[in-house]
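Asks: Heads up: the protein sequence lines correspond to chains X and F, in order.
Just remember that this note's numbering sits 974 ahead of the position in the first sequence, which is counted from 1.
Just remember that this note's numbering sits 66 ahead of the position in the second sequence, which is counted from 1.
Mind having a look at this structure? Questions to follow.
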Amino acid sequence: MLRKFEADLHIHTCLSPCCESRMSPRRIVEQAKLRGLDIIGICDHNSAENVACAKKVGEKEGFPVIGGIEVTSQEEVHILAFFDEDEDLFELANLIYENLPGINEERVFGKQIVVNEDDEVLSFNKRLLIGATVLPLQQIVERIHSSGGLAIASHIDRESFSIIGQLGFIPDGLSLDGLEVSARTSLEKARLEFGEVLDFPLVTFSDAHTLEDVGKSFTGFLIEEANVKEIRKALFGEDGRKVMI
Amino acid sequence: MKLQEIVKELGLEVRCAAHNLNKQVSGGYASDLLSDVIANSKKDNIWITLQIHQNIVAVASLKELAGVIIVNGREPEEGALKKAEEENIPIMLTKLPTFEVVGRLYKLGIPGKM
């Protein structure tokens, strides 16, 4: 049966260097439940190393967690990638690692903490996750689609690291599945401000880097189950599924 | 040439770390892609950009740049200014566009060669 799921699919964990260190998957899931969300997505910068932990916590708590990555393209555009299958997610993560130069400088950018479901530190990621891959935007989107994932352009209303901010437009033929507007702009305002967005489904998520921000903005999906396949149908209005803002 | 003299010659507005202008500038680098600046700028370079977010401070600090000039009259984000003060990175503003800033710096003898 179709029902409305309130989803905040863009949440960072303590693996992202710019995120507060208490953002462990366990605390995020707790906070999401408190906020009354129905689904969350975990999207760290250029890595998925806390996704398995988040999914374990989700399973334990009976709370749906979708695995994702916020990929930084060569053009320094952020793209959210979501997959149902962990295998597909980790394949993309490997491709990113092969194309992500640099070593993290903790003092400057912050720590990149891999944790387990009991909030214990497992390791510190050494890669420059805040950096940009050498992969072109087009190739990233194609790669996400070829393994059945969803590709959504991050926070298009922000100047920094957004497709509109970096390129000024959405290139022809870039088959994005949606555009994310951040909590600071309403979707109505986004529609007025960026004409091009009319061609794409619009969503809003929190891009939370702090616990307080989890669920600060979210999107309702009328779907049957909490998974990427259903969300894709909602974005494209198939089989009665839809986006409910 | 010292940062102080550049500030004076170009009429820059210093917004952060004003006490740290005594540095000798080794050369200049102009780019708006952070990854490019990380890869190609050199220690004590002056960096010219239109980016205004706080990652510019992290990059400037990482690469030990002399300072950052933000062009086109753009106003840096609050987080960027706060971080720049902490990291002691001079942030300088100008209404001029990048091309003009680079031209004037070059005329003052600031090189752009690797």
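Just so it is clear, CB atoms sit at the ideal spot from N, CA and C, and this is done for glycine as well.
Computed from a prediction, not measured in an experiment: that's the story for all the values here.
Would you say residue 1037 of chain X faces chain F, with C-beta separation under 9 Å as the test?
Replies: Stepping through the first sequence from its first residue, residue 1037 of chain X is reached at position 63. No, residue 1037 of chain X lies away from the interface with chain F (no Cβ there is under 9 Å from its Cβ).
Asks: Can you find the residues in the same chain that come closer than 7 Å, C-beta to C-beta, to residue 1001 of chain X, ignoring five residues on each side of it along the sequence?
Replies: Position 27 of the first sequence, counting from 1, holds the residue named residue 1001 of chain X. Counting only Cβ-Cβ distances below 7 Å, and skipping sequence neighbours, we find 1185.
Asks: Going along chain X in order, which residues have a C-beta closer than 7 Å to the C-beta of residue 128 of chain F?
Replies: Locating residue 128 of chain F in the second sequence gives position 62, where the first residue counts as 1. What residue 128 of chain F touches in chain X: 1079, 1082.
Asks: Mind checking residue 1213 of chain X: buried by the 16 CB within 10 Å criterion, or exposed?
Replies: Here residue 1213 of chain X refers to the residue found at position 239 when the first sequence is read from its first residue. Exposed, by the Cβ-count rule.
Asks: Determine the direct distance from the alpha carbon of residue 70 of chain F to that of residue 1103 of chain X, and round the result to whole angstroms.
Replies: Against the first sequence, residue 1103 of chain X aligns to sequence position 129. Against the second sequence, residue 70 of chain F aligns to sequence position 4. The straight-line gap from Cα to Cα measures roughly 35 Å.
Asks: Return the CA-CA distance between residue 128 of chain F and residue 84 of chain F, expressed in angstroms with no decimal places.
Replies: In the second sequence, the residue the question calls residue 128 of chain F occupies position 62. In the second sequence, the residue the question calls residue 84 of chain F occupies position 18. So the alpha carbons of these two residues sit roughly 19 Å apart.
Asks: Which residues in the same chain as residue 1096 of chain X place their Cβ atom closer than 7 Å to its Cβ, once the five residues preceding and following it in sequence are excluded?
Replies: Locating residue 1096 of chain X in the first sequence gives position 122, where the first residue counts as 1. The residues are 1088, 1089, 1090.
Asks: Nearest chain F C-beta to residue 1133 of chain X closer than 9 Å, yes or no?
Replies: For the purposes of this step, residue 1133 of chain X is taken as residue 159 along the first sequence, with counting starting at 1. Closer than 9 Å to some Cβ of chain F, the Cβ of residue 1133 of chain X qualifies, so yes.
Asks: Given a limit of 8 Å on CB to CB distance, which residues of the region 86-111 of chain F reach chain X?
Replies: So the list reads 99, 100, 101, 104, 105, given in the order they occur along the chain.
Asks: Should residue 1042 of chain X be flagged as near chain F, meaning a C-beta pair shorter than 9 Å?
Replies: What you label residue 1042 of chain X is simply residue 68 of the first sequence in a count that begins at 1. Output row for residue 1042 of chain X: interface = no.
Asks: In chain F, what lies closer than 7 Å to residue 1050 of chain X by C-beta?
Replies: Counting from one through the first sequence, the residue named residue 1050 of chain X turns up at place 76. Within chain F, the residues near residue 1050 of chain X are 99, 100, 101.
Asks: Would you mind telling me which residues of chain F sit closer than 8 Å to residue 1157 of chain X, beta carbon to beta carbon, in chain order?
Replies: Residue numbering aside, residue 1157 of chain X sits at position 183 when the first sequence is read from its first letter. Those within 8 Å of residue 1157 of chain X in chain F number zero; the least Cβ separation is about 16 Å.
Asks: List the residues of chain X that residue 121 of chain F touches, going by C-beta distances under 9 Å, in chain order.
Replies: Here the question's residue 121 of chain F lines up with position 55 in the second sequence. Those within 9 Å of residue 121 of chain F in chain X are 992, 1083, 1104, 1134, 1135.
Asks: If you follow the beta strand (DSSP E) that residue 153 of chain F is in, where does it begin and where does it stop?
Replies: Sequence index remark: in the second sequence, residue 153 of chain F carries index 87 (1-based). Segment 144-153 is the alpha helix (DSSP H) holding residue 153 of chain F; no beta strand (DSSP E) there.
Asks: Starting from residue 111 of chain F, trace the beta strand (DSSP E) in both directions and tell me its first and last residue.
Replies: Within the second sequence, residue 111 of chain F is the residue found at index 45, counting from 1. Per DSSP, residue 111 of chain F belongs to the beta strand (DSSP E) from 111-115.
Asks: Under a three-way DSSP split, which group does residue 1120 of chain X fall into?
Replies: Counted from its first residue, the first sequence places residue 1120 of chain X at position 146. The answer is helix: DSSP assigns residue 1120 of chain X an H, G or I state.
Asks: Across which residues does DSSP place residue 1125 of chain X in a beta bridge pair?
Replies: As a first step, residue 1125 of chain X must be located in the first sequence, where it is residue number 151. Partner(s): X:1055.
Asks: Please state if the CB of residue 139 of chain F and the CB of residue 160 of chain F are separated by a distance shorter than 9 Å.
Replies: Numbered from 1 along the second sequence, position 94 holds the residue referred to as residue 160 of chain F. Numbered from 1 along the second sequence, position 73 holds the residue referred to as residue 139 of chain F. Contact flag set, yes.
Asks: Measure the alpha-carbon distance for residue 1059 of chain X versus residue 177 of chain F and round it to whole angstroms.
Replies: Here residue 1059 of chain X refers to the residue found at position 85 of the first sequence. Here residue 177 of chain F refers to the residue found at position 111 of the second sequence. Rounded to whole angstroms, residue 1059 of chain X to residue 177 of chain F spans 52 Å at the Cα level.
Asks: Alpha carbon to alpha carbon, how far is residue 1077 of chain X from residue 134 of chain F? Give it in angstroms, no decimals.
Replies: To locate residue 134 of chain F, count along the second sequence from 1; it is residue 68. To locate residue 1077 of chain X, count along the first sequence from 1; it is residue 103. Roughly 23 Å separates the two Cα atoms.
Asks: Under 8 Å, with one C-beta from each stretch per pair, do the region 1161-1171 of chain X and the region 1009-1025 of chain X reach the 3-pair mark?
Replies: No, they do not touch.
Asks: Using a Cβ-Cβ cut-off of 8 Å (strictly less than) and excluding sequence neighbours within five positions of residue 88 of chain F, which residues of its own chain qualify?
Replies: Sequence index remark: in the second sequence, residue 88 of chain F carries index 22 (1-based). Within the same chain, residue 88 of chain F has close Cβ partners 68, 69, 70.
Asks: Determine the burial state of residue 1111 of chain X: buried for a count of at least 16 other Cβ atoms within 10 Å of its Cβ, exposed for fewer.
Replies: As a first step, residue 1111 of chain X must be located in the first sequence, where it is residue number 137. Buried is the call here.
Asks: My assumption, with CB atoms under 8 Å, is that residue 1188 of chain X sits in contact with residue 1043 of chain X. Please give the rounded CB distance.
Replies: As a first step, residue 1188 of chain X must be located in the first sequence, where it is residue number 214. As a first step, residue 1043 of chain X must be located in the first sequence, where it is residue number 69. About 18 Å; that fails the 8 Å criterion.
Asks: Excluding five sequence neighbours on each side, which residues of the same chain lie with their C-beta closer than 6 Å to the C-beta of residue 1051 of chain X?
Replies: Along the first sequence, read from residue 1 onward, the residue named residue 1051 of chain X stands at position 77. Within the same chain, residue 1051 of chain X has close Cβ partners 1111, 1137, 1140.
Asks: Here's the rule I'm using: 16 or more other beta-carbon atoms within 10 Å means buried, otherwise exposed. How should residue 1117 of chain X be labelled?
Replies: Mapped onto the first sequence, residue 1117 of chain X falls at position 143. So residue 1117 of chain X ends up on the buried side.
Asks: Hey, could you find the ends of the beta strand (DSSP E) residue 1091 of chain X is sitting in?
Replies: The sequence position of residue 1091 of chain X within the first sequence is 117, counting from 1. That residue, residue 1091 of chain X, is in no beta strand (DSSP E); it is neither H nor E in DSSP.
Asks: In the DSSP output, which residue or residues are listed as bridge partners for residue 1083 of chain X?
Replies: Numbered from its first residue, the first sequence carries residue 1083 of chain X at position 109. Note: residue 1083 of chain X sits in no beta bridge, so no partner.
Asks: Closer than 7 Å, Cβ to any Cβ of chain F: which residues of the region 1051-1079 of chain X, in chain order?
Replies: Under the 7 Å Cβ criterion, the region 1051-1079 of chain X contributes 1076, 1079.
Asks: Could you round the C-beta distance between residue 1105 of chain X and residue 101 of chain F to whole angstroms and report it? I think they count as a contact, below 8 Å.
Replies: As a working note, residue 1105 of chain X is residue 131 in the first sequence. As a working note, residue 101 of chain F is residue 35 in the second sequence. The Cβ separation is near 6 Å, so the contact holds.
Asks: If you draw a straight line from the alpha carbon of residue 1073 of chain X to that of residue 1108 of chain X, how long is it in whole angstroms?
Replies: As a working note, residue 1073 of chain X is residue 99 in the first sequence. As a working note, residue 1108 of chain X is residue 134 in the first sequence. Each residue's Cα considered, the two are about 6 Å apart.
Asks: If contacts are defined as beta-carbon pairs under 8 Å, then residue 930 of chain X and residue 1152 of chain X qualify, I think. What distance do you get, rounded to the angstrom?
Replies: One cannot answer for residue 930 of chain X here, as it falls past the ends of chain X, which runs 975 to 1219.
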